[in-house]
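There are 2 protein chains.
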Amino acid sequence: MPEELPLIALPTEQTERADAASNRRRILEAATELFAARGPDCVSMQDVAQAAGVGMGTMYRRFGDRAGLTFALLGERHRDLQEQLLRGAPPLGPGAPAAERLHAFGRARIALLDDGEAQMLLTTAKAESATLRGPDAAYRTHLAVLLRDAAPALDVEYAVNTLVMAFDARLHVHFRYERDWPVERIQAGWCALADVWLAAGAGAGV
Amino acid sequence: MPEELPLIALPTEQTERADAASNRRRILEAATELFAARGPDCVSMQDVAQAAGVGMGTMYRRFGDRAGLTFALLGERHRDLQEQLLRGAPPLGPGAPAAERLHAFGRARIALLDDGEAQMLLTTAKAESATLRGPDAAYRTHLAVLLRDAAPALDVEYAVNTLVMAFDARLHVHFRYERDWPVERIQAGWCALADVWLAAGAGAGV
DNA sequence: ATAAGAAGCGGAACCTAGTCCGCTTATTCA
DNA sequence: TGAATAAGCGGACTAGGTTCCGCTTCTTAT
Numbered sequence: 002m003p004e005e006l007p008l009i010a011l012p013t014e015q016t017e018r019a020d021a022a023s024n025r026r027r028i029l030e031a032a033t034e035l036f037a038a039r040g041p042d043c044v045s046m047q048d049v050a051q052a053a054g055v056g057m058g059t060m061y062r063r064f065g066d067r068a069g070l071t072f073a074l075l076g077e078r079h080r081d082l083q084e085q086l087l088r089g090a091p092p093l094g095p096g097a098p099a100a101e102r103l104h105a106f107g108r109a110r111i112a113l114l115d116d117g118e119a120q121m122l123l124t125t126a127k128a129e130s131a132t133l134r135g136p137d138a139a140y141r142t143h144l145a146v147l148l149r150d151a152a153p154a155l156d157v158e159y160a161v162n163t164l165v166m167a168f169d170a171r172l173h174v175h176f177r178y179e180r181d182w183p184v185e186r187i188q189a190g191w192c193a194l195a196d197v198w199l200a201a202g203a204g205a206g207v
Numbered sequence: 002m003p004e005e006l007p008l009i010a011l012p013t014e015q016t017e018r019a020d021a022a023s024n025r026r027r028i029l030e031a032a033t034e035l036f037a038a039r040g041p042d043c044v045s046m047q048d049v050a051q052a053a054g055v056g057m058g059t060m061y062r063r064f065g066d067r068a069g070l071t072f073a074l075l076g077e078r079h080r081d082l083q084e085q086l087l088r089g090a091p092p093l094g095p096g097a098p099a100a101e102r103l104h105a106f107g108r109a110r111i112a113l114l115d116d117g118e119a120q121m122l123l124t125t126a127k128a129e130s131a132t133l134r135g136p137d138a139a140y141r142t143h144l145a146v147l148l149r150d151a152a153p154a155l156d157v158e159y160a161v162n163t164l165v166m167a168f169d170a171r172l173h174v175h176f177r178y179e180r181d182w183p184v185e186r187i188q189a190g191w192c193a194l195a196d197v198w199l200a201a202g203a204g205a206g207v
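Residue numbers (our numbering), protein chains in the order written: chain A, 2 to 207; chain B, 2 to 207.
Put into structure tokens, the structure is as follows:
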């Protein structure tokens, strides 16, 4: 039996009108270009709307807010990773021991964060954390499943949260550019956290 | 020898001009009243300035930004807690074993968060986390000292971050009001996290 | 084919955090 | 006491995210 399916929802439902779908695509393309060209902190929603040739209303109808647009832009990479988690080869995919799968996942996720994602997420810093609504929301299930199997003695929900909070974009930027840590140190730290939960939870259960 | 002194800076330096100090006081009083009366999410910086009888320039000269004002409002409670950590009776103050001190601190800090602080911090959600600049910034040192002594085998800086990230206001509100957890569960989760780091780090060191 | 209605659209208006700058006032020192 | 000066002040202004609403366009059922 495969794990639960915490797939990131594909934004394009079939009930979307043709012009709406084309606008969505144009907005995403325009945003991708502008973000790449100027950096995400020098691109306003106006800029994107103008470049895409749509009005503000359209932007906000499609994506809800700036965070929604950002998450949509990040969606593809995360759908790939998620696909690997569900059906890829071990250690990312099923088949490897929990500790190895956790490590592989953590490293991969932090690598994405390090590859421009953190900067993008920082520009969305409104009233909610990416952890609860953004890409990482989808990984909670994955982590919960792994922990529940391998460390049943834990308050799995709490442990999962410590693990995803560690993907916080501001924290990543802090470590990386204010403290000059190499990515590997952040990844190692995360793996240690995962191990530590596993060790603590393995005892009582099974 | 006492621990290092990560004291939250008192905002009133003696070099502050008399009118400036009085304005600071009036702003803080006005903000306290308005926040209490309407809730922090229904009070703009304009509102506070008007109620205090000062201009916007004064607000921003005194407190830098909305987050600065909020942190100042929270300051007193945190100075109290910090005082207890440094010079109070065990288990908060010096003298108790590290695990007990960590538990006592975590519970106290989460109690503050639960007592209105989370809602206030949510309205500041700009480009930085309270973890890096707000009240919790001051607790990093405390945690680092305790961990360094009791668990020298760890990457203490990373572990400290997982511990303070768990004080995230959004996360707290999520657990508390969207998932309806009792405070005690959050506190227990945090204590478990602290224990788990201690257990992992105690082995190799000393 | 066409009319009815839902879905979508544009962009001006709004709200609020944060900045700027010319004027005012407390302080200090002769 | 009375300049000189640095600190502080007010409030109009800017910028950017978000909302609103009257108009347009796609869809579909007849």
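Yeah, the Cβ is synthetic: ideal placement off N, Cα and C, and Gly gets one too.
**Message:** Counting only Cβ pairs nearer than 7 Å, list the residues of chain B close to residue 175 of chain A.
**Reply:** 133
**Prompt:** Within 10 angstroms of its Cβ, does residue 16 of chain B collect 16 or more other Cβ (buried), or is it exposed?
**Reply:** exposed
**Request:** Compute the distance between the beta-carbons of residue 94 of chain A and residue 85 of chain A, then report whether it is under 7 Å.
**Result:** yes
**Prompt:** Leaving out five residues before and five after residue 124 of chain A in sequence, what residues of the same chain have Cβ atoms less than 6 Å from its Cβ?
**Reply:** 41, 42
**Residues of the stretch 60-71 of chain A whose Cβ lies closer than 7 Å to any Cβ of chain B, in chain order** = none
**Message:** Rounded to the nearest angstrom, what separates residue 111 of chain A and residue 53 of chain A at their Cα positions?
**Reply:** 31 Å
**Item:** Continuous alpha helix (DSSP H) assignments of at least 4 residues falling wholly in the stretch 19-67 of chain A
**Value:** 19-39, 46-53, 57-64
**Message:** Tell me the rounded alpha-carbon separation between residue 105 of chain B and residue 72 of chain B.
**Reply:** 23 Å
**Asked** So which residues of chain A does residue 94 of chain B contact, with C-beta pairs closer than 9 Å?
**Response** In chain order: nothing, as chain A lies at least about 27 Å away.
**Message:** By the DSSP assignment, the alpha helix (DSSP H) with residue 107 of chain B in it spans what residues?
**Reply:** 99-113
**Item:** Nearest neighbour of residue 147 of chain A, chosen from A/117, A/130, A/96 [CA to CA]
**Value:** A/96
**Asked** Under the three-state reduction of DSSP, which class applies to residue 168 of chain A: helix, strand or coil?
**Response** coil
**Asked** Pick from B/27, B/160, B/82, B/99: whose alpha carbon is nearest that of residue 188 of chain A?
**Response** B/160
**Message:** Does the contact criterion of 3 or more C-beta pairs under 8 Å hold for the stretch 29-36 of chain B versus the stretch 195-204 of chain A?
**Reply:** no
**Request:** Return the chain-ordered list of same chain residues with a C-beta closer than 8 Å to the C-beta of residue 81 of chain B, the five sequence neighbours on each side being excluded.
**Result:** none
**Request:** Identify each residue in the stretch 152-185 of chain A for which the Cβ-Cβ distance to at least one residue of chain B is less than 7 Å, and report them in chain order.
**Result:** 156, 159, 162, 163, 166, 167, 169, 171, 172, 175
**Prompt:** Between the Cα of residue 171 of chain A and the Cα atoms of A/91, A/70, A/61, A/115, which residue gives the shortest distance?
**Reply:** A/115
**Prompt:** What did DSSP end up calling residue 207 of chain B once you bin it into helix, strand or coil?
**Reply:** Low confidence applies to residue 207 of chain B: its pLDDT is 37, below 50, so where it sits in the model is not reliable, and the reading given next is rough at best. It is coil, neither helix nor strand.
**Item:** Short CB-CB distance (under 7 Å) between residue 125 of chain A and chain B
**Value:** no
**Message:** Which residues in chain B have a C-beta closer than 7 Å to the C-beta of residue 190 of chain A? List them in chain order.
**Reply:** 156, 159
**Message:** Out of A/39, A/195, A/180, which one is the CA nearest neighbour of residue 164 of chain A?
**Reply:** A/195
**Three-state secondary structure assigned by DSSP to residue 195 of chain B** = helix
**Item:** Residues near residue 6 of chain B in its chain [Cβ-Cβ closer than 6 Å; skip 5 each side]
**Value:** At residue 6 of chain B, the pLDDT of 42 sits below 50, so the modelled position is not reliable and the matter cannot be decided from this model.
**Asked** Taking the C-alpha atoms as reference points, what is the distance between residue 90 of chain B and residue 140 of chain B?
**Response** 18 Å
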